[in-house]
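*Asks:* This structure is in structure tokens; I'll ask about it shortly.
There are 2 protein chains.
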Amino acid sequence: MPLGKAAASGIFARQPGAARNPRDLIFGWPKKRFSSERGCTHTEAGGKSHVIEKAWTLLNSREVSDHRIFRIRDDVYRFEPSGRERDFVVIQSPDWVNVIPLTDDGQVVLIRQYRHGIRSVSLEIPGGIIDHGEPPDSAAIRELREETGYTAERVRLLGRVRPNPAIQDNYQYCYLAEGCRKAGDPHWDPFEHIEIVPRPLADIPELIRSEEICNALVINAFYFLATLPRQA
Amino acid sequence: MPLGKAAASGIFARQPGAARNPRDLIFGWPKKRFSSERGCTHTEAGGKSHVIEKAWTLLNSREVSDHRIFRIRDDVYRFEPSGRERDFVVIQSPDWVNVIPLTDDGQVVLIRQYRHGIRSVSLEIPGGIIDHGEPPDSAAIRELREETGYTAERVRLLGRVRPNPAIQDNYQYCYLAEGCRKAGDPHWDPFEHIEIVPRPLADIPELIRSEEICNALVINAFYFLATLPRQA
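Going line by line, the protein sequences match chains V and U.
The first sequence maps to residues 282 to 513 in our numbering.
The second sequence maps to residues 282 to 513 in our numbering.
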């Protein structure tokens, strides 16, 4: 409740005298240039910067099952600090894409659909699996068109994340589509059933806070949008 | 590059005359109160608000494999619009937790560890699986202590997400731990090997932009931190 109110009234704006809020430490501090320290040389362990990279030796890898939209792989590693072996399960998927579709009057073209993982309806942005060999931006445009019937004037990459580095091997690409307008009917696959729900962009923080938007990968896209640089 | 610069110099601050940036539409607009419209009644389909909820009927559910940290389930549904049946695979996991550990001098206690999903080292915040029956905040405190050796003065919930509503059934809880200080040695499990890397909170946007921090669930935690309301 206070979050929603604050978020919508310019929560990201820096306000003097509010330095007790840890959020101010992120976006209120003077820029410390990010230089050659990318390898995280600042470590309490001191001098151990490269140990982590060499802690694991892959001994074997085999696919154990195929579930259509992902496959399960078992990797066997030797843990060098102890010499012991252990297997790790990995969910192999193609890369995924999602896209924030923005209309010229400031609406986000959200979609509602039943999600079988949570056995409930979820409010999201369009997205899906990138086809083999398909450029990620083409996939964003295609998913937007197929799921909503909207086209965009321009699409740009907001950012890219790893859905779960511990157990998944794929990327999620997040795009922004601007100048969106309805161009025709959606083209759903035989098991798709989607409700198209334009909402003002200003409502997004409250929709996330209230968990009506709960999909981690959708929230990632809005993180990137919120940190988008000024246009020249 | 421009994103990093902008982010660290107060990118979230609202600036007049920059209304062409779609980001401003999120956090710069007057608050539209979020009232009884939670059910997304504003829909182009008009009057179909409840159809989505009733499109799928669960017919059968069976566990097909156990992979220690998750299990695979197959759910069979009837798709009511066509009457056809289809199975959907679900990754069942306990709920997860992560925590942004903040020291009094504005450092985030990040950790680096090898992640077997991406076969590479990942820069993250502490976190893990919530034990059966364990309160999420206790799990946050426990993971912080085990992985880093740090304790916190206070811990509070930032938000909760669904890692992947389409194919996963669990929640991810995101916490903020303030007043963190080193209290002893970490307690790693026999296959954990972690480098503790305190970094200024102001560096986080650039670490995400450069993909040094790439974990979607970590970025969710920082989304919530960035939208944290002012403290009274």
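Beta carbons are placed, not taken as given, at the ideal position from N, Cα and C, and that holds for glycine.
The structure displayed is predicted, hence computed values, not measured ones.
When the Cα of Phe360 (chain U) is compared with those of V:Gln394, V:Gly465, V:Arg462, V:Glu434, which residue comes out closest?
*Replies:* Looking at the Cα atoms, V:Gln394 is the closest of the given residues.
*Asks:* Please confirm if Asp450 (chain V) has its CB atom under 8 Å from at least one CB of chain U.
*Replies:* So, interface residue.
*Asks:* Considering only their Cβ atoms, is the gap separating Gly440 (chain V) from Cys455 (chain V) smaller than 8 Å?
*Replies:* Contact: yes.
*Asks:* Between Gly460 (chain U) and Asp386 (chain U), how many whole angstroms is the CB-CB distance? I'm expecting something under 8 Å.
*Replies:* About 11 Å separates the two Cβ atoms, so there is no contact after all.
*Asks:* Have a look at V:Pro471, V:Ser346, V:Phe503 and flag the residue whose alpha-carbon is nearest the alpha-carbon of Ile489 (chain V).
*Replies:* The candidate whose alpha carbon is nearest that of Ile489 (chain V) is V:Phe503.
*Asks:* Would you mind giving the Cβ-Cβ distance between Asp376 (chain V) and Asn496 (chain V), rounded to the nearest angstrom? I have them listed as a contact below 8 Å.
*Replies:* The pair is not a contact, with the Cβ atoms about 17 Å apart (cut-off 8 Å).
*Asks:* Are there 16 or more other CB atoms within 10 angstroms of the CB of Asp347 (chain V), so buried, or fewer, so exposed?
*Replies:* With fewer than 16 other Cβ atoms within 10 Å, it is exposed.
*Asks:* By the three-class DSSP mapping on this structure, what secondary structure does Arg403 (chain U) have?
*Replies:* Reading the sequence as shown, one finds Ser at residue 403 (chain U) and not Arg. The answer is strand: DSSP assigns Ser403 (chain U) an E or B state.
*Asks:* Provide the residue span of the beta strand (DSSP E) that contains Asn379 (chain V), from first to last.
*Replies:* Where Asn379 (chain V) is concerned, the enclosing beta strand (DSSP E) stretches over 377-384.
*Asks:* Is there at least one Cβ from chain U nearer than 8 Å to Ala507 (chain V)'s Cβ?
*Replies:* Yes, Ala507 (chain V) counts as interfacial toward chain U.
*Asks:* Measuring from the CB of Ala483 (chain V), is there a heavy atom of the ligand NAD at a distance below 7 Å?
*Replies:* No copy of the ligand NAD occurs in the structure displayed, which carries no ligand at all.
*Asks:* Hey, could you find the ends of the alpha helix (DSSP H) Phe505 (chain V) is sitting in?
*Replies:* 497-507 is the span of the alpha helix (DSSP H), which, as asked, contains Phe505 (chain V).
*Asks:* Between Gln388 (chain V) and the rest of its own chain, which residues show a CB-CB distance below 8 Å, the 5 nearest in sequence each way excluded?
*Replies:* For Gln388 (chain V), where only same-chain residues beyond five positions count, the Cβ hits under 8 Å are Pro479, Arg480, Pro481, Leu482.
*Asks:* Quick one: Cα of Lys312 (chain V) to Cα of Val332 (chain U), how far?
*Replies:* With a pLDDT of 33 at Lys312 (chain V), under the threshold of 50, the modelled position of that residue is not reliable, and the figure given next carries that caveat. When rounded, the distance between both Cα atoms is 50 Å.
*Asks:* Taking the alpha carbon of Gly430 (chain V) as the reference point, which residue from V:Asp418, V:Ile410, V:Arg443, V:Trp469 has its own alpha carbon closest?
*Replies:* Checking every option, the nearest Cα to that of Gly430 (chain V) belongs to V:Trp469.
*Asks:* Determine, using beta carbons only, whether Glu398 (chain U) comes closer than 8 Å to chain V.
*Replies:* The residue you asked about is not Glu; residue 398 (chain U) is Gly in the sequence shown. Chain V, which has a Cβ nearer than 8 Å to the Cβ of Gly398 (chain U), makes this yes.
*Asks:* Going along the chain, which residues of its own chain have a beta-carbon closer than 7 Å to the beta-carbon of Phe315 (chain U), five neighbours each way excluded?
*Replies:* Legend: pLDDT at Phe315 (chain U) = 29, less than 50; position of this residue unreliable, value from coordinates given subsequently. Excluding positions up to five away in sequence, the list is empty.
*Asks:* What are the partner residues of Asp368 (chain U), as DSSP defines its beta bridges?
*Replies:* U:Val357, per the DSSP bridge assignment.
*Asks:* Cutting at 7 Å between CB atoms, please list the residues of its own chain near Leu506 (chain V), excluding the five before and the five after it.
*Replies:* Only Ile381, Leu439, Leu457 meet the Cβ criterion.
*Asks:* Does Arg480 (chain V) come out as helix, strand or coil in the three-state DSSP assignment?
*Replies:* Reduced to three states, the DSSP call for Arg480 (chain V) is strand.
*Asks:* Show which residues of chain V have a CB atom less than 8 Å away from the CB atom of Leu498 (chain U).
*Replies:* Those are Asn445, Ala497, listed as they occur along chain V.
*Asks:* Start and end of the beta strand (DSSP E) containing Ser346 (chain V)?
*Replies:* Ser346 (chain V) -> beta strand (DSSP E) spans 337-347.
*Asks:* Here's a check: name, in chain order, each residue in its chain whose Cβ is nearer than 8 Å to the Cβ of Glu334 (chain U), leaving out the five neighbours to either side.
*Replies:* Cβ neighbours of Glu334 (chain U) beyond the five flanking positions: none.
*Asks:* Can Val378 (chain U) and Ala420 (chain U) be called in contact, C-beta distance under 8 Å?
*Replies:* Cβ distance < 8 Å, so Val378 (chain U) and Ala420 (chain U) count as in contact.
*Asks:* For Ala421 (chain U), which residues in chain V fall below 9 Å Cβ to Cβ?
*Replies:* Under the 9 Å cutoff, chain V gives no residues; its nearest Cβ is about 15 Å from Ala421 (chain U).
*Asks:* Report the residue from U:Ile448, U:Ile477, U:Ile406 whose alpha carbon sits nearest the alpha carbon of Phe351 (chain U).
*Replies:* Nearest of U:Ile448, U:Ile477, U:Ile406 to Phe351 (chain U), Cα basis: U:Ile448.
*Asks:* Using three-state DSSP, classify Glu424 (chain V) as helix, strand or coil.
*Replies:* Here Glu424 (chain V) sits in helix by DSSP.
*Asks:* Taking the alpha carbon of Pro446 (chain V) as the reference point, which residue from U:Ile399, U:Tyr358, U:Leu498, U:Trp337 has its own alpha carbon closest?
*Replies:* Looking at the Cα atoms, U:Ile399 is the closest of the given residues.
*Asks:* Given a limit of 9 Å on CB to CB distance, which residues of the region 345-359 of chain U reach chain V?
*Replies:* Against chain V - using a Cβ distance shorter than 9 Å - the residues of the region 345-359 of chain U are Val345, Ser346, His348, Arg349, Ile350, Phe351, Ile353, Asp355, Asp356, Tyr358.
*Asks:* Residues in the same chain with beta-carbon distance under 7 Å from Leu339 (chain U), minus the five sequence neighbours each way, listed in chain order, please.
*Replies:* For Leu339 (chain U), where only same-chain residues beyond five positions count, the Cβ hits under 7 Å are Asp356, Tyr358.
*Asks:* Output, in chain order, the set of chain U residues within a Cβ distance shorter than 8 Å of Asn501 (chain V).
*Replies:* Going along chain U in sequence order, the residues near Asn501 (chain V) (Cβ under 8 Å) are Ala497, Ile500, Asn501, Tyr504.
*Asks:* Taking only three categories from DSSP, how would you classify Glu334 (chain V)?
*Replies:* Helix at Glu334 (chain V).
*Asks:* Would you kindly check if the distance between the Cβ of Ile494 (chain U) and the Cβ of Ile392 (chain U) is under 8 Å?
*Replies:* Not a contact, by the Cβ cut-off of 8 Å.
*Asks:* I'd like to check one pair, Asn501 (chain U) with Asn341 (chain V): are the Cβ atoms closer than 8 Å?
*Replies:* Their beta carbons are not under 8 Å apart, which means Asn341 (chain V) does not touch Asn501 (chain U) by this criterion.
*Asks:* Helix, strand or coil: which one does DSSP assign to Glu493 (chain U)?
*Replies:* DSSP places Glu493 (chain U) in coil when its eight states are reduced to three.
*Asks:* Apart from the five residues on each side of it in sequence, which residues of its chain come closer than 6 Å, Cβ to Cβ, to Ile353 (chain V)?
*Replies:* Answer for Ile353 (chain V): Val345, Ser346, listed in chain order.
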